[in-house]
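Position 340 of the sequence shown, counted from 1, bears residue number 345 in this note's numbering, the numbering being contiguous throughout. From the three backbone atoms N, C-alpha and C, an ideal C-beta is built for every residue, glycine too.
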Amino acid sequence: MVRTEELQHFKVVKNRTDWFKEFYLFYTQLVAGSLLIIPAILLPLYYKSGVASEEYMFFLEFLGMLLGSLFISGASDRIGRRPALALSLILYSCGSFIPYVNSSFYALIISMLIMGSGIGANVPVANAMMNEFSEPSVRGSVMSIGNAIFNLGFVVAPLFIFFFGIRFIFVFGIAQLITLIPILKISETKEPAHSLGFSELYKGKYLKDTLLISFATFLVFFVVYGIVDWFPTLLSKGLVKVPSLIQKDYILITNMGAFLGAIFIAPIIDRIGRRILGIFLSLIAGIAELLTLLFSGFASVIAVAFTFISLFLMEGSLAIVTIVASEIYDNGIRGRGLGNSLAWGRIGGMISPIVLGTVLDIFKKPSLPFLFIGACSLGAATFFYYLPETMHNKPQKSLTKK
């Protein structure tokens, strides 16, 4: 329980969308997305990089993100959102700067873990705050835009490097420490309180929804990162023939598709609802992947087009699972709920390239992993079906210090 004298330092503020705060949180998402792409930038520059080493570095970064989602986002229920957000900024800023001062391979490993933990914490904490700063009528749109801006960071980072040089990205990362200053102007949305840990999510009234949102998030991330991180191995091995432009700029194309997929749902999610839209997007994405099987043997360009359509749709589903995870939990447990859900997503993203690669190595059929991806998309649609509609959930009252 929170002591009376602690609560006296807070006053209740009517929940209205504060766009200054929302844009600040959008900016932290843009930076986090920009820094997430650092492994793909560093490895070709400093090291003899192959597909395996890139997957290894992204695995380490995802491991850091998993730890950040669990421990720092979870701690935001105990220490408050602002301190947790500040810690996430410090971690991803300092972690991104390590390769600038030490370009050894071991320094890169440390960088991936530290930076990943900051990014992994920033996403759920920022989304919790977006939820708590927003009116119900625009909450889904605000959070969809936040997810889209995170994906836009993947596109912005290469542009920074093109215009300002490779080392600019590291200076850009450490410069984000200055963004700690606006946190002082942002009201706290979660009073410090005793926390029972993640076990509270897996019992009582939260158990069913926790299992549903965790499995849905796992499958959505599995599909998205399978297409983004594993599919290029088919291109590099020549197992799928596509125009050279697509092969050369695959990462840029998929990341732009990811941005568009998340921004696509922003105008409609507060009208249609989370559950129905999630079912529709995941279902159509699964069908698109199954159509990939039909065309992969004789029309690979069409097959790749269906894969891009599937990615576009599943990025919308990814934004939706994040929104639902923020809405099915009360203010006092939201940080742990989002952290737990996104941790399941990180696990799905980490193992996706490994599982799909193993399926390909065992059965020697490039089309078979697409069947696996399609089944996961349909599985996500099933979990969306059983999730409650959260669009009309009442907003939590924000708290600010007197």
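Helix, strand or coil at residue i [DSSP, three-state]
| i | result |
| --- | --- |
| N152 | helix |
| M396 | coil |
| S108 | coil |
| A293 | helix |
| T194 | coil |
| G278 | coil |
| Y390 | helix |
| Y334 | coil |
| S322 | helix |
| E140 | coil |
| P163 | helix |
| K4 | Missing from the structure shown is residue 4; the chain here goes from 6 to 407 and no further. |
| R87 | helix |
| G202 | coil |
| P358 | helix |
| G4 | With the chain running from 6 to 407 in the structure shown, residue 4 is simply not present. |
| S372 | coil |
| K1 | What is shown of the chain runs 6 to 407, which leaves residue 1 out entirely. |
| P187 | helix |
Buried/exposed call for residue i, threshold 16 Cβ in 10 Å
| i | result |
| --- | --- |
| W24 | exposed |
| V128 | buried |
| E394 | exposed |
| D366 | exposed |
| P272 | exposed |
| G85 | buried |
| F110 | exposed |
| R172 | exposed |
| F207 | First, the amino acid is wrong: residue 207 is Tyr here, not Phe. Its Cβ having fewer than 16 others within 10 Å, Y207 is exposed. |
| Y391 | exposed |
| K369 | exposed |
| F28 | exposed |
| L30 | buried |
Given residue i as reference, the closest of the options once Cα atoms are compared
| i | options | result |
| --- | --- | --- |
| F159 | I256, K26, L30, V130 | I256 |
| I154 | F138, I124, L68, A37 | A37 |
| D234 | L288, S81, C381, G362 | G362 |
| I186 | L92, M134, S74 | L92 |
| Y32 | S81, S101, N132, G321 | N132 |
| L286 | P197, G379, L299 | G379 |
| H397 | L30, I333, L113 | I333 |
| E381 | L72, P371, M319 | As written in the sequence, residue 381 is Cys, which differs from the Glu given in the question. The shortest Cα separation from C381 among L72, P371, M319 belongs to M319. |
| L41 | V360, E27, L118 | L118 |
| P197 | L30, L265, R83, F264 | R83 |
| Q408 | P163, K213, S101, Y230 | With the chain running from 6 to 407 in the structure shown, residue 408 is simply not present. |
| G145 | F388, F167, S322 | S322 |
| V228 | G342, A162, A386 | A386 |
| V147 | I359, P358, K26 | K26 |
| H199 | V360, F388, R341 | R341 |
| M120 | P163, L164, F64 | F64 |
| V360 | Y211, I232, N152, A162 | I232 |
Cα-Cα separation, residue i to residue j
| i | j | result |
| --- | --- | --- |
| S204 | G170 | 47 angstroms |
| M261 | L35 | 13 angstroms |
| E193 | F269 | 30 angstroms |
| V364 | L373 | 7 angstroms |
| A57 | I191 | Residue placement at A57 is flagged as unreliable, the pLDDT there being 45, under the threshold of 50; the coordinate-derived value follows with that caveat. So the alpha carbons of these two residues sit roughly 42 angstroms apart. |
| I95 | P104 | 16 angstroms |
| P88 | I150 | 24 angstroms |
| I277 | S108 | 49 angstroms |
| R339 | L201 | 13 angstroms |
| V130 | S78 | 6 angstroms |
| S81 | L298 | 44 angstroms |
| S189 | I183 | Contrary to the premise, residue 189 reads as Leu rather than Ser in this sequence. Approximately 12 angstroms, taken between the alpha carbons. |
| T72 | M62 | For clarity, residue 72 is Leu in the given sequence; the question names Thr instead. Near 16 angstroms, if we compare the C-alpha coordinates of M62 and L72. |
| G354 | V309 | 20 angstroms |
| G209 | N336 | 17 angstroms |
| L288 | F67 | 27 angstroms |
| I307 | L376 | 16 angstroms |
| L113 | K213 | 40 angstroms |
| S116 | I274 | 37 angstroms |
| A324 | L157 | 13 angstroms |
| F167 | S39 | 14 angstroms |
| Y97 | F388 | 33 angstroms |
| P358 | V106 | 31 angstroms |
| G266 | F236 | 18 angstroms |
Residue-level contact to chain C via CB, residue i, 8 angstroms cutoff
| i | result |
| --- | --- |
| T387 | Judged by its chain identifiers, the structure shown contains no chain C, having just a single protein chain. |
Cβ-heavy atom distance, residue i to the ligand SAM, below 7 angstroms
| i | result |
| --- | --- |
| I174 | Of the ligands one can find in the structure shown there are none, so the ligand SAM has no counterpart to examine. |
The segment 176-184 / the segment 273-291 touching (three or more Cβ pairs under 8 angstroms)
no
Does the contact criterion of 3 or more C-beta pairs under 8 angstroms hold for the segment 345-357 versus the segment 318-332?
yes
Quick check: the segment 213-226 against the segment 349-356, are there 3 or more CB pairs under 8 angstroms?
yes
At least three beta-carbon pairs within less than 8 angstroms, the segment 110-128 to the segment 137-145
no
Report yes or no: do three or more beta-carbon pairs, one from the segment 313-324 and one from the segment 283-293, lie closer than 8 angstroms?
yes
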